[in-house]
Amino acid sequence: MTVAENALTSPSSRNRRPFSWGSPLTYGLALAIAAVSIAPVVYVIVGGFRTTPQIIADPAGLPDPWVWDNYARVLTQSDFWQQALNSAVIALGTTLGVVLLGVCAAFVLARYAFRGREALYTFFTLGLLFPSGAAILPLYLMLRDLNLINSYYAVILPQVAFSLPLTIVILRPFLAAVPRELEDAAAIDGAGRLGFLWRIMLPLSRPALVTVGVLAFVASWNAFLLPLLVLGDADLHTLPLGVQNFSSQYTSDTAGILAFTSLAMLPALLFFTFAEKQIVGGLQGAVKG
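The numbering of the sequence shown is our numbering, which starts it at 5 and goes up by one.
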């Protein structure tokens with residue numbers, strides 16, 4: 005047998021897959037989607053380093069020269085930091101409530117057997133189909149009757165409620181996938197249901213917990229309609245409302261508006277970027293479950 009024949013019949017050549025355009029097309033489509041998603045963010049951030057006349061003369065151009073005054077002007081405003089504090093308090097409160105209530109509800113639905121369990125889980129999943137905007141008016145009336153208007157609770161409590169369906173859908177498969185043998189072993193060691201949840205279930209479900217936490221934080225940070233309706237006090241405004249106020253006050257300052265917008269979205273963007281791997285792992289586990 006010749007060398008060429010040996011090469012053709014070698015294990016590496018037999019196991020080699022035929023060339024396909026599927027992967028290049030997939031990568032090309034992924035790059036195109038990424039470019040469409042990232043381009044507006046890059047445009048806003050870079051636009052903050054330009055002047056308004058530069059943007060008017062060449063909307064798609066690069067800064068020439070780079071201008072830092074827009075960002076410095078925004079960062080020296082006391083309103084910006086107050087709005088950032090309000091956004092942080094509301095987002096962290098929402099995240100804490102979503103994770104605590106979500107993991108408790110998902111633990112019961114995953115590990116307890118009782119009549120109506122699947123119906124209750126279906127009820128939660130149906131919450132994914134309910135648009136939050138449809139409940140704005142009755143929600144406002146209810147919060148007004150509870151004297152919660154113009155308070156952090158007026159935003160945190162509804163956001164926790166609207167985030168629970170997705171949280172439970174993600175967490176339940178993780179908690180249900182833990183083997184019963186671990187629960188039996190924990191019971192032999194003297195751990196009760198809560199001890200098993202705290203010592204074993206939560207560490208094993210860390211990717212899912214990070215996933216629901218990041219999703220809740222980002223959604224709360226970017227929320228606009230609910231804070232707009234229930235936070236009439238300017239001292240309680242969040243950064244999305246601050247962007248609207250700044251845009252209304254400085255209508256002709258396009259560069260300043262872009263700088264304010266980029267600084268407003270930067271914390272959520274960084275938070276999401278750093279937790280990206282955990283989010284992917286959490287969603288994969290939820291799909292497998």
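For each residue, glycine too, the CB sits at the ideal point set by N, CA and C.
**Study point:** Whole-Å CB distance - Arg54 paired with Pro67, under 8 Å assumed
**Key:** 5 Å
Exercise for review: Indicate, with yes or no, if the ligand NAD has a heavy atom lying under 8 Å from the CB of Leu235.
Suggested key: Ligands in the displayed structure: none, and consequently the ligand NAD is not present.
Exercise for review: Kindly indicate the opening and closing residues of the alpha helix (DSSP H) around Thr129.
Suggested key: 121-130
Exercise for review: Report yes if the CB atom of Ala110 is closer than 9 Å to the CB atom of Leu179, and no otherwise.
Suggested key: Judged by beta-carbon spacing, Leu179 lies within the 9 Å limit of Ala110, meaning their Cβ atoms are closer than that value.
Point to revise | Status (buried if at least 16 other CB within 10 Å, exposed otherwise) for Arg176 | key: buried
Review point. On the three-state DSSP scale, how would you describe Gly65?
Key: coil
Practice item. State yes or no: is the C-beta of Gly137 within less than 9 Å of the C-beta of Leu229? Key: yes
Check your understanding: From which residue to which residue does the alpha helix (DSSP H) around Ser266 run?
Key -> 258-278
Check your understanding: The alpha helix (DSSP H) spanning Ser224 covers which residue range?
Key -> 210-225
Check your understanding: Can you find at least 3 beta carbon pairs, one from the stretch 91-98 and one from the stretch 207-226, that sit closer than 8 Å?
Key -> yes
Review point. From this set, Val173, Pro231, Pro211, Arg115, which residue's C-alpha is nearest Leu186's C-alpha?
Key: Arg115
Check your understanding: Leaving out five residues before and five after Ile261 in sequence, what residues of the same chain have Cβ atoms less than 7 Å from its Cβ?
Key -> Once the five neighbours on either side are set aside, the close Cβ partners of Ile261 are Phe250, Ser251, Tyr254.
Exercise for review: Quick one: grab the DSSP three-state call for Gln58.
Suggested key: helix
Practice item. Would you tell me roughly how many angstroms separate the C-alpha atoms of Phe278 and Asp188, rounded to the nearest one? Key: 36 Å
Review point. Near Pro244, what residues of its chain come up, given a Cβ to Cβ distance below 6 Å and the 5 sequence neighbours on each side ignored?
Key: Taking C-beta separations shorter than 6 Å and ignoring five residues to either side along the sequence, the partners of Pro244 in its chain run Phe228, following chain order.
Review point. If we ignore side chains and look at the alpha-carbon of each, how far apart do Ser91 and Leu170 end up?
Key: 22 Å
**Study point:** Distance between Gly65 and Leu130 (C-alpha atoms, nearest Å)
**Key:** Taking the straight line from one Cα to the other gives about 46 Å.
Check your understanding: Going along the chain, which residues of its own chain have a beta-carbon closer than 7 Å to the beta-carbon of Ala263, five neighbours each way excluded?
Key -> Gly52, Asn74, Tyr75, Val78
Review point. How would you label Met146, buried or exposed, when you count the other beta carbons within 10 angstroms and need 16 or more for buried?
Key: exposed
Check your understanding: Between Leu104, Glu122, Val112, which lies nearest to Arg197 when the distance is taken from Cα to Cα?
Key -> Val112
Point to revise | For Phe228, the three-state DSSP class (helix, strand or coil) | key: Note: Phe228 maps to coil in three-state DSSP.
Point to revise | Identity of the residue in Arg148, Phe84, Ala38, Gly32 nearest Met269 by Cα | key: Phe84
Exercise for review: Would you decide whether Ala158 is buried or exposed? Buried here means 16 or more other CB atoms lie within 10 Å of its CB.
Suggested key: buried
Check your understanding: Quick one: Cα of Val164 to Cα of Val48, how far?
Key -> Our two residues, Val164 and Val48, have alpha carbons roughly 30 Å apart in a direct line.
Review point. So Ala181 is in the alpha helix (DSSP H); what residue range does that whole segment cover?
Key: Per DSSP, Ala181 belongs to the alpha helix (DSSP H) from 157-181.
Practice item. Quick one: measure Cβ to Cβ for Leu233 and Ile140, integer angstroms, because I've assumed they're closer than 8 Å. Key: 6 Å
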